[in-house]
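Novice:
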Amino acid sequence: MAWKQKNKLLFDTCKDQLSCGAVKEYCDAENIARSSTMQCIQSGINVLSSIVAANKRSKRASVDTDTHDADANCDGPDLDFVYADVDGYQNEIAELYSYTEFSEFQMNVKAFEDQMELYDLPPNWQKQDSASQRGIVMKLVDQLEVSDRSFRMQAARCILYLAQGCWAEVQSDEEQHQITRDNVLVLYQLGVFASFIDLLNMEIESACSPDIVAVKITNVTLVDSTDIRVILSVLYIITETIRDEREKGSEDYRELADSFVQEINSPLPDGELLAVKLLGMITRFCSGAAPQFPMKKVVLLLWKVSLLGLGGMDVLKNLKNEYRLKVGLEPITEDTLEVTKCMRASSPPATATDILENQYPKRNFKRSLMKQRFLDEPEQIDMEMGGNEGQNNANNGSGNGGNGEEELSQYYRPYDDPSSSASTTSTANPNNQPSLTQPPAAVPPVQITARLPWTPKVRQKDIDQFLDISRNKFIGYSLIGDHESLAGLPQPIHEGFKTLQRHMYMSLADVQIKKEEDIARNPISTHEDEIKLTPAEVLYQAILPNLPQYMIALLKVLLAASPTSKSKTESINIMADVLPRKMPLTATQSTKLTVDIGRHKEIIVKAVSAIILLYLKHFKINHVYQFEFMSQHLVFANCIPLVLKFFNQTITEYVNTKNSIPLLDFPSCVIGEQPDLSGDSFVYGGEMSDKSYSWRNVFSCINLLRILNKLIKWKHSRVMMLVVFKSAPILKKTLKVRHAMMQLYVLKLLKMQTKYLGRQWRKSNMKTMSAIYAKVRHRLNDDWAFGNDLESRPWDFQAEECTLRACVDRFNLRRYPEATQKCGNNGTAAQNAENAQQSNMMAGNNGCGNNGDANGYGNNGGGGNGGHSQQQQLNDYGVEGGFPSDEILTHSDFAFFGHSGWWDRKVELTDYFKANYAVWLEEEVYNSQTDWDAL
């Protein structure tokens with residue numbers, strides 16, 4: 015048959031282009047393709063043939079033309095960034111303080127000395143024995159309860175000095191860290207943490223009084239938040255120290271850490287969780303009720319409290335496998351973090367703008383232009399492999415799949431821990447100076463495992479669709495609900511079915527959704543499991559009544575801290591805890607303040623992105639509808655365009671920007687002799703770091719990309735938001751950051767919308783398509799590259815969101831009726847968020863560009879030549895100007911499903927209805943035929 019010859023020829027060609035593992039995946043796709051000639055099944059072969067053809071064209075182009083990359087960093091080494099829950103302990107503590115708070119460190123020492131004089135004791139903490147130290151702490155705790163504010167805050171500053179490690183008595187950072195560790199143990203055991211929570215409650219109540227707000231709302235500076243910053247600093251140091259010691263597995267901290275985690279996961283005496291209290295502070299700050307709240311310290315404390323109470327990546331992985339085993343599913347063996355460690359970062363092709371800038375450079379300065387390394391060039395492999403032997407193998411390899419090894423070696427590598435590599439390098443070259451005389455050491459050839467990184471997956475829905483189409487084609491009938499019957503189907507269909515079943519993946523969310531459907535269908539006979547009060551469950555129940563307001567407040571803070579946002583008079587002022595009362599007078603002071611403001615914003619972005627991602631991941635594991643409830647409110651509050659606006663900048667510059675002065679970081683700024691911050695020492699301080707990137711900025715970018723993926727995955731209406739906001743050019747610029755994990759999440763976002771971007775976009779971005787095929791997980795039967803999927807039709811987007819919202823509200827109403835009713839009565843904020851989303855999307859008619867404001871986007875980029883026909887298609891289904899009109903996702907659509915609390919509404923029946931009630935009953939009830947099977 016012709017199709018057999020065609021597939022055989024294509025298979026032989028692929029053997030020279032792909033590895034053994036890729037050929038195996040091709041065989042699986044080819045088995046499926048044999049079973050049917052329909053286009054969506056044949057897409058796997060089409061993808062392979064397109065990539066092979068593109069690879070050949072790019073090789074010919076690399077010989078005939080000399081294309082340059084505008085960004086020289088694209089050909090640089092991969093970033094040695096290792097994604098983790100937090101940065102190092104010293105960095106996390108240093109980020110708590112702004113550089114403008116330097117003078118307050120001396121105030122803490124002065125308070126300690128005055129207090130020791132009051133106790134007739136020498137002002138030296140280390141000279142006191144253990145019993146004396148505990149006695150001093152107990153006296154300070156008693157002093158925290160006095161009515162005199164100045165006397166009370168003096169004791170608080172004393173405790174802050176102890177928590178900071180008594181830095182005036184030490185000579186090294188290590189000694190200060192050890193004293194902090196010992197003091198925190200004593201402070202928590204004697205009830206300091208609970209006492210400072212009471213102080214925080216008092217400060218919140220006093221700060222939100224109308225008189226204080228009326229005075230401070232016009233001009234808020236660092237002085238207005240002095241006392242509350244002391245309280246938050248003590249709480250943060252205790253929390254972060256216990257978290258760090260627990261992560262290290264310290265024996266003397268084990269029982270204390272378990273007790274602390276139990277305390278922060280339990281309600282306070284006033285009935286609120288600590289995390290909810292901090293979220294309430296953010297909400298009051300954003301509403302203008304408390305503009306003097308120090309937002310950076312609040313979000314940092316909220317992040318660390320949530321991280322310690324819920325658990326980090328290791329806890330999430332264990333919980334997921336535990337819950338899967340409980341419902342009869344196999345545990346997850348592939349971990350994204352581990353897989354991405356073995357991936358190579360790819361160099362994307364230069365865009366047309368980059369090429370034009372190289373040909374016609376601005377200004378007359380020489381720029382070193384390097385030849386662009388495409389994804390399939392052997393030169394890039396040789397450079398990254400670091401040895402000449404790899405080049406010889408590439409040139410001499412033949413007959414044994416050498417080309418396949420060559421193709422895949424650019425994507426995957428054996429992972430080397432950057433920390434071990436750094437230690438080895440520092441040992442051999444302690445000053446980190448480049449060696450100009452010694453030749454590089456011979457590097458042994460690296461063994462590349464020739465396989466794709468992920469095991470392909472397929473959903474039960476895809477198998478059912480495959481069987482349904484096959485039955486209708488060959489037999490002419492369909493069996494609804496039958497997932498296994500193959501009677502009357504030809505043998506190739508059997509082979510394709512077995513291949514699909516071998517790769518079928520059932521997620522925990524699918525099981526939970528099926529359980530909810532069974533309960534909704536048979537509420538009496540279906541048994542519901544007892545709700546286990548896990549930390550995530552306790553947190554969800556606590557934040558459910560005001561969850562929309564919390565999400566809006568977090569996104570407001572994130573928007574204000576975004577480097578691409580423009581300052582507005584009505585926007586919130588997140589600089590209240592960094593701006594001094596007196597503005598700088600000298601150039602050095604002005605530069606220090608500029609660096610401090612940039613650093614302040616970066617830390618807020620880092621903390622807020624980590625909080626949102628942490629909540630999404632824990633809620634999704636605990637119950638998928640908790641995750642969907644939070645996700646929908648994030649979408650209603652414009653989270654998707656906000657994240658796209660964040661990445662609509664020169665992201666390589668943002669990643670490499672270091673807004674920090676190591677000489678001013680705590681504890682370096684107070685230990686030892688302090689140099690004068692002249693011009694030379696200031697510049698030297700900025701170049702002390704041995705890394706070419708900012709850890710917190712890379713961390714923030716990855717977090718935001720992961721949030722965007724979680725909000726959009728399997729949601730076609732939200733994928734269309736990516737398309738109408740023209741996110742493809744923005745995401746493509748992000749690929750210039752040479753970090754495999756960041757590139758993976760960008761490629762996932764591009765893969766979701768590829769089918770909507772038009773043929774011309776796919777034709778001109780085949781290198782990106784190749785990277786998607788090589789790095790992103792394969793979904794069998796997923797026609798992501800050609801747009802033939804039946805689910806890509808835009809007319810059912812409104813129904814999709816409404817159905818999801820109905821399921822979520824039914825879930826919340828059944829399990830949390832009181833909290834859900836409170837949430838429904840608080841519909842004003844949610845309605846405002848939804849109206850803001852509509853105005854934002856309507857204001858974005860000009861695309862996504864640099865000239866946008868906080869809610870809109872300017873002109874930059876498009877989606878290829880298929881945009882006109884796609885625009886006409888959107889207009890046909892109610893999407894005017896490329897953005898949803900008022901008829902889509904309006905507030906009235908969600909009002910019936912509980913958005914405004916339909917269960918407590920009083921419905922007024924008209925007189926006409928009352929007079930004709932009998933007629934209505936006869937026609938609509940008695941004479942109406944109900945298909946109970948369909949119900």
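Using our numbering, the letters of the sequence shown map in sequence onto residues 15 to 949. Ideal Cβ positions, reconstructed from N, Cα and C, are used throughout, including at glycine.
1. Between E115 and D610, what straight-line distance do the alpha-carbon atoms span, to the nearest angstrom?
2. Out of F660, M121, I107 and L573, state which residue places its alpha-carbon closest to the alpha-carbon of L315.
3. Please state whether the Cβ-Cβ distance between E217 and I242 is less than 7 Å.
4. Count the other CB atoms, across all protein chains shown, that sit within 10 Å of the CB of D796; report buried if there are 16 or more and exposed otherwise.
5. Whole angstroms is fine: what's the gap from D101's alpha carbon to R710's?
6. Can you confirm whether the region 534-554 touches the region 650-666 when touching is taken to mean that 3 or more C-beta pairs between the two stretches lie within less than 8 Å?
7. Just the C-alpha distance for Q290 and L246, rounded to the nearest angstrom, thanks.
8. Taking the DSSP output, what are the residues bridged to V472?
9. Are Y629 and N670 touching if we call contact CB-CB under 7 Å?
10. What do you get for G323, buried or exposed, if any count of 16 or more other CB atoms within 10 angstroms of its CB means buried?
11. Alpha carbon to alpha carbon, how far is G326 from A98? Give it in angstroms, no decimals.
12. Pick helix, strand or coil for R465, following the three-state DSSP scheme.
13. May I ask you to verify whether the region 553-571 touches the region 336-351, counting CB pairs closer than 8 Å and requiring at least 3?
14. Could you check if R485 is buried or exposed, using at least 16 other CB atoms within 10 Å of its CB as the buried criterion?
15. Please report the distance separating the alpha-carbon of L599 from that of K615.
16. Label G179 either buried or exposed according to how many other C-beta atoms from any shown protein chain fall within 10 Å of its C-beta, with 16 as the threshold for buried.
17. In the structure shown, what three-state DSSP assignment does R793 receive?
18. Looking at the unbroken alpha helix (DSSP H) that takes in P562, where does it start and where does it end?
19. Grouping DSSP H, G and I as helix and E and B as strand, with all else coil, what is C180?
20. So, for A651: in the same chain, excluding its five sequence neighbours on each side, which residues have a beta-carbon less than 6 Å away from its beta-carbon?
21. State the start and end residues of the unbroken alpha helix (DSSP H) segment that holds P655.
22. Helix or strand or just coil, what does DSSP make of L204?
23. Using the rule of at least 16 other Cβ atoms within 10 Å of the residue's Cβ for burial, across every protein chain shown, is P345 buried or exposed?
24. Who are the Cβ neighbours of R829 in its own chain at under 8 Å, not counting the five residues just before and after it?
25. In chain order, what residues of the same chain lie with their CB nearer than 8 Å to the CB of H497, ignoring the 5 residues before and after it?
26. Who are the Cβ neighbours of Q617 in its own chain at under 8 Å, not counting the five residues just before and after it?
27. Please confirm if the region 164-182 is in contact with the region 116-130, defined as three or more CB-CB distances below 8 Å between the two stretches.
28. Would you report the Cα separation of D328 and L351, rounded to the nearest angstrom?
29. Can you list the alpha helix (DSSP H) stretches of 4 or more residues lying completely in the region 76-162, in chain order?
30. Among P743, S579, T513 and A574, which has the Cα closest to the Cα of R793?
31. So, does the region 154-169 touch the region 206-214, judging by three or more C-beta pairs under 8 Å?
32. For the region 714-729 against the region 619-639, are there 3 or more C-beta pairs whose distance is under 8 Å?
33. Going by C-alpha to C-alpha distance, which of I744, T748, M735 and L749 sits closest to Y12?
34. How many angstroms separate the CA atom of K672 from the CA atom of G612?
35. Return the chain-ordered ranges of every alpha helix (DSSP H) run that is complete within the region 727-802 and spans a minimum of 4 residues.
Specialist: So, to answer that:
1. Position 101 of the sequence shown, counted from the start, is the residue given in the question as residue 115. Position 596 of the sequence shown, counted from the start, is the residue given in the question as residue 610. So the two alpha carbons sit approximately 11 Å from each other.
2. One-based indexing of the sequence shown puts residue 315 at position 301. Closest by alpha carbon: I107.
3. If you number the sequence shown from 1, residue 217 lands on position 203. If you number the sequence shown from 1, residue 242 lands on position 228. Yes; because the gap between Cβ atoms is below 7 Å, this pair is in contact.
4. The residue given as residue 796 occupies position 782 in the sequence shown. That one is buried.
5. As a first step, residue 101 must be located in the sequence shown, where it is residue number 87. As a first step, residue 710 must be located in the sequence shown, where it is residue number 696. Taking the straight line joining both Cα atoms gives about 8 Å.
6. no
7. Mapped onto the sequence shown, residue 290 falls at position 276. Mapped onto the sequence shown, residue 246 falls at position 232. The sequence given here has Val at residue 290, not Gln. Whole-angstrom Cα-Cα distance: 15 Å.
8. As a first step, residue 472 must be located in the sequence shown, where it is residue number 458. V472 pairs with M518.
9. The residue given as residue 629 occupies position 615 in the sequence shown. The residue given as residue 670 occupies position 656 in the sequence shown. Not closer than 7 Å, so no.
10. As a working note, residue 323 is residue 309 in the sequence shown. It is buried - the Cβ of G323 has at least 16 other Cβ atoms within 10 Å.
11. Locating residue 98 in the sequence shown gives position 84, where the first residue counts as 1. Locating residue 326 in the sequence shown gives position 312, where the first residue counts as 1. The straight-line gap from Cα to Cα measures roughly 9 Å.
12. Taking the sequence shown and counting its residues from 1, one reaches residue 465 at position 451. Coil, per DSSP.
13. Contact fails: fewer than three Cβ-Cβ distances are below 8 Å.
14. Residue numbering aside, residue 485 sits at position 471 when the sequence shown is read from its first letter. With 16 or more other CB atoms across the displayed protein chains lying within 10 angstroms of its CB, R485 is buried.
15. Here residue 599 is taken as the residue at index 585 of the sequence shown, counted from 1. Here residue 615 is taken as the residue at index 601 of the sequence shown, counted from 1. Computed Cα separation, rounded: 23 Å.
16. For the purposes of this step, residue 179 is identified with residue 165 of the sequence shown, where counting begins at 1. Its Cβ being crowded by 16 or more others within 10 Å, G179 is buried.
17. The residue labelled residue 793 in the question sits at position 779 within the sequence shown. Three-state DSSP puts R793 in a strand.
18. As a first step, residue 562 is located in the sequence shown; it is residue number 548 there, counting from the start. Taken as a continuous stretch (DSSP letters only), the alpha helix (DSSP H) holding P562 covers L561 to A575.
19. Translated into positions along the sequence shown, residue 180 becomes position 166. The answer is coil: DSSP assigns C180 none of H, G, I, E or B.
20. Your numbering for residue 651 matches position 637 in the sequence shown. M565, I566, L569 and A847, listed in sequence order.
21. On the sequence shown, position 641 is the one that residue 655 refers to. Where P655 is concerned, the enclosing alpha helix (DSSP H) stretches over C653 to F661.
22. Counting from 1 along the sequence shown, the entry for residue 204 is found at position 190. Coil.
23. Looking up residue 345 in the sequence shown gives position 331. Exposed, because fewer than 16 other Cβ atoms sit within 10 Å of the Cβ of P345.
24. Here residue 829 refers to the residue found at position 815 of the sequence shown. If we look at R829 and ignore the five residues flanking it on each side, its Cβ neighbours are I545.
25. The sequence position of residue 497 within the sequence shown is 483, counting from 1. So the list reads Q474, I477, D478 and L481, once near-sequence residues are dropped.
26. Within the sequence shown, residue 617 is the residue found at index 603, counting from 1. Correcting the residue type first, residue 617 is Ile in the shown sequence and not Gln. Taking I617 as the centre and dropping the five residues before and after it, the same chain places the C-beta of E109, K310, L314 and R710 closer than 8 Å to its C-beta, in chain order.
27. yes
28. Mapped onto the sequence shown, residue 328 falls at position 314. Mapped onto the sequence shown, residue 351 falls at position 337. Distance between the alpha carbons of D328 and L351 is about 11 Å.
29. 103-108, 116-132 and 144-157
30. Here residue 793 corresponds to residue number 779 of the sequence shown, with the count starting at 1. Nearest C-alpha to R793 among P743, S579, T513 and A574: T513.
31. yes
32. yes
33. Outside the shown range of the chain (15 to 949) lies residue 12, about which nothing can therefore be said.
34. Residue numbering aside, residue 672 sits at position 658 when the sequence shown is read from its first letter. Residue numbering aside, residue 612 sits at position 598 when the sequence shown is read from its first letter. Between the C-alpha atoms of K672 and G612 there is a straight-line separation of about 9 Å.
35. List check, alpha helix (DSSP H) in window: 730-738, 742-748, 754-767, 773-778 and 780-789.
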